[in-house]
Structure formats: structure tokens, C-alpha cells
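Note that the working numbering has the sequence shown beginning at 511, numbered continuously upward.
Below is one structure, written out as C-alpha cells; comments come after it.
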Amino acid sequence: MEKIPIIKMVNISKNFGAVKALQDVNFEVYPCEVVALVGDNGAGKSTLMKILAGVYPPSRGEIFIEGEKVNFTSPADAISRGIQMIYQDLAVADNIDVAGNIFLGRELEKKALGGFTKIIDKKRMEELAWEALERVKINIGSVREKVENLSGGQRQAVAIARAISAKAKIIIMDEPAAALGVKETHELLELIKDLKEKKIAVVYISHRLENIFEVSDRVIVLKGGKRIADRQTKDTTMEKIRQLIVEGV
511 MEKIPIIKMV NISKNFGAVK ALQDVNFEVY PCEVVALVGD NGAGKSTLMK ILAGVYPPSR
571 GEIFIEGEKV NFTSPADAIS RGIQMIYQDL AVADNIDVAG NIFLGRELEK KALGGFTKII
631 DKKRMEELAW EALERVKINI GSVREKVENL SGGQRQAVAI ARAISAKAKI IIMDEPAAAL
691 GVKETHELLE LIKDLKEKKI AVVYISHRLE NIFEVSDRVI VLKGGKRIAD RQTKDTTMEK
751 IRQLIVEGV
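In C-alpha cells:
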């Protein structure tokens, strides 16, 4: 029986005025797979993923989630189908605590004053925040700690824990190691491996080929808004992928 991709994007094109950012790009991700998306600046990587995350509508093309055709009009549509995108700047709120960040925009409520009103259920949010953090295996002293006091690796863990707690089926990471040191990058790569074990697919955008080859199952190369290669990581080399990025062949 043929395996159905969790994500399938078919002939995706995106124009910004006269600029053709993407031209008939096909992209697929299978369950429990880590797919690296690589290419030079301006290749179209982030644009393609923002279309998948519901940030941009495609100018042309189709998107299928687990075999069902979808039409995303907003990020909320994509999130409702289990797609979470973690941006390079993480989009965490520094002045809010860890639990508040994990449930940002989907705060839990409970009844108060005999059921006549509702208030934020901070205790339940803290309990579930701990559970999410335990799943990403990152030690944070307290879920009441403000995010501004955390290290880069811990902030990354909070963003991933938020995605997991929202029942993500696929997590898109756009240059997640860009601002991390060596130790924190190692922790991030271990997190990605752990997500795969938890049956969560990952799309990993990065310029660091050594990191890509450590965690990915497949590498897709974009150049000039076109998909020019799709390679099983185990069947290629960093030198070949680097050549494809630079020369296109």
C-alpha cells in the first residue's frame, strides 16, 4: 500500500507583483519524517513554508493534508490542521511567563463566581506547560519564569513546547539554530530527533549543512524559486548538496 504524505504541495507558484518567488514547486512530507529545505537566500524556502503555514496564499497550486485538499486563508487554518511554524525570532513574548507563552492565544478558562463568569485557569495551564516541557526534555526552573530571563536554547524549547501542546502533526523550523551556540544547537538537534520519535514530522530550514545531515531523512533543494533536487540524505553528501545550492547541478 502506497504511503500517503502528511503534506503534499503541488505546482505551487507565488508572485509578488512582477517578482516570481516560486514557480511550480512540488513539496511533500511523510509521517515521522525530517525534511531539510535548503537553498541560497532568495531561493523561496521561507515563502514556500509561509504558504504552507497559511501566511501567504499561493498564486497557483494546491495543498493536500493527509490526502485532503485544503485552502488556507490564515495561519489559524493551518494550525487547526496540525501545522505549526517556528520562526527565526521565535515569536515569544518576553514579558510573559513560560506557561503564558505556551498557551498564548489559546488560554484555558474556568468558571468563577458560581458559573456567572470565566477566568484564566493558570493552575491548569502551568500543569500542562510542565507536561509539554517534559516532552521536549529541556530543564526550565519554573513555568512562572519570564521568557526574557531564559537562554536561547530554553526559548527555543518553549516555542517547540507550544507547538506540541497545540497537537502539531508537523513543525516547520525556519533557521532555528541561527542565534544558538554550539551546546544549544546540539540540544536543538536532539529535540528534532525526539520529535520524530514522537511521530511529529519536521521541516528544517537551515544553511548549516552539518546540522542537516545529522537529523534529516531527505533534503529538498530550491534555487531561483524552483525545486531542483530531492535527495535521500543517506544517499548524498554535503559537497553534492552544496554544489546544487550554488551551481544548480
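The C-beta atom is built at its ideal place from N, Cα and C for all residues, glycine as well.
Near residue i, which residues of its chain fall below 8 Å by C-beta distance, leaving aside the five closest residues on each side in sequence?
{"i": "PRO585", "result": "ALA563, GLY564, VAL565, MET595"}
{"i": "ILE573", "result": "ILE517, LYS518, MET519, VAL520, ILE522, ILE561, LEU562, LYS579, VAL580, ASN581, PHE582"}
{"i": "LYS525", "result": "In the sequence as displayed, the identity of residue 525 is Asn instead of Lys. Excluding positions up to five away in sequence, the list reads ALA531, SER569."}
{"i": "THR743", "result": "ALA546, ILE722, PHE723, SER726, ASP727, ARG728, VAL729"}
{"i": "MET559", "result": "LEU547, MET595, ILE682, ASP684, VAL713, ILE715"}
Applying the 10 Å Cβ sphere with the 16-neighbour rule, what's the burial state of residue i?
{"i": "THR557", "result": "buried"}
{"i": "MET635", "result": "buried"}
{"i": "MET748", "result": "exposed"}
{"i": "LEU754", "result": "buried"}
{"i": "ALA739", "result": "buried"}
{"i": "LYS709", "result": "exposed"}
{"i": "ALA528", "result": "exposed"}
Which same chain residues, not among the five before or five after residue i, have their C-beta less than 6 Å away from its C-beta?
{"i": "ARG741", "result": "VAL729"}
{"i": "ALA553", "result": "LEU732, LYS733"}
{"i": "ALA671", "result": "ILE612, ALA642, LEU643, VAL646"}
{"i": "ASN551", "result": "none"}
Distance, Cα to Cα, residue i vs residue j?
{"i": "VAL535", "j": "ASN521", "result": "5 Å"}
{"i": "SER652", "j": "LYS621", "result": "26 Å"}
{"i": "GLU697", "j": "LEU618", "result": "30 Å"}
{"i": "TRP640", "j": "LEU699", "result": "21 Å"}
{"i": "PHE723", "j": "VAL692", "result": "16 Å"}
{"i": "LEU643", "j": "VAL759", "result": "42 Å"}
{"i": "PRO773", "j": "LEU614", "result": "This structure leaves residue 773 out entirely; the chain is present only between 511 and 759."}
{"i": "TYR540", "j": "ILE514", "result": "7 Å"}
{"i": "ILE589", "j": "ALA669", "result": "14 Å"}
{"i": "LYS555", "j": "VAL756", "result": "15 Å"}
Got a sec? Which residues, its chain only, sit under 7 Å from residue i by beta carbon, not counting five neighbours each side?
{"i": "GLY571", "result": "MET519, VAL520, ASN521, ILE522, SER523"}
Could you check whether the Cβ of residue i sits closer than 7 Å to any heavy atom belonging to the ligand PLP?
{"i": "ILE517", "result": "Ligands in the displayed structure: none, and consequently the ligand PLP is not present."}
Next on the checklist: Just to confirm the assignment: which complete alpha helix (DSSP H) runs, minimum length 4, are found wholly within the stretch 658-710?
Outcome noted: 662-675, 692-707, all fully within the stretch 658-710.
Item to check | the stretch 695-704 contacting the stretch 734-748, beta-carbon criterion three pairs below 8 Å | outcome: By the Cβ test, the stretch 695-704 is not in contact with the stretch 734-748, since fewer than three Cβ pairs between them sit closer than 8 Å.
Next on the checklist: Any contact between the stretch 711-730 and the stretch 542-554? By contact I mean 3 or more CB pairs, one from each, below 8 Å.
Outcome noted: yes
Next on the checklist: Across the stretch 627-636 and the stretch 667-681, are there enough close Cβ pairs to call them in contact, namely three or more that are closer than 8 Å?
Outcome noted: In short, these stretches do not touch, since the Cβ pair count stays below three.
Next on the checklist: I'd like the ranges of any beta strand (DSSP E) spanning at least 3 consecutive residues and lying wholly in the stretch 534-606.
Outcome noted: 544-548, 570-575, 578-580, 593-596
Item to check | Segments of 4+ residues assigned as alpha helix (DSSP H) that fall wholly inside the stretch 726-758 | outcome: Counting only runs of at least 4 residues, the stretch 726-758 fully encloses the following alpha helix (DSSP H) elements, listed from N- to C-terminal order: 748-757.
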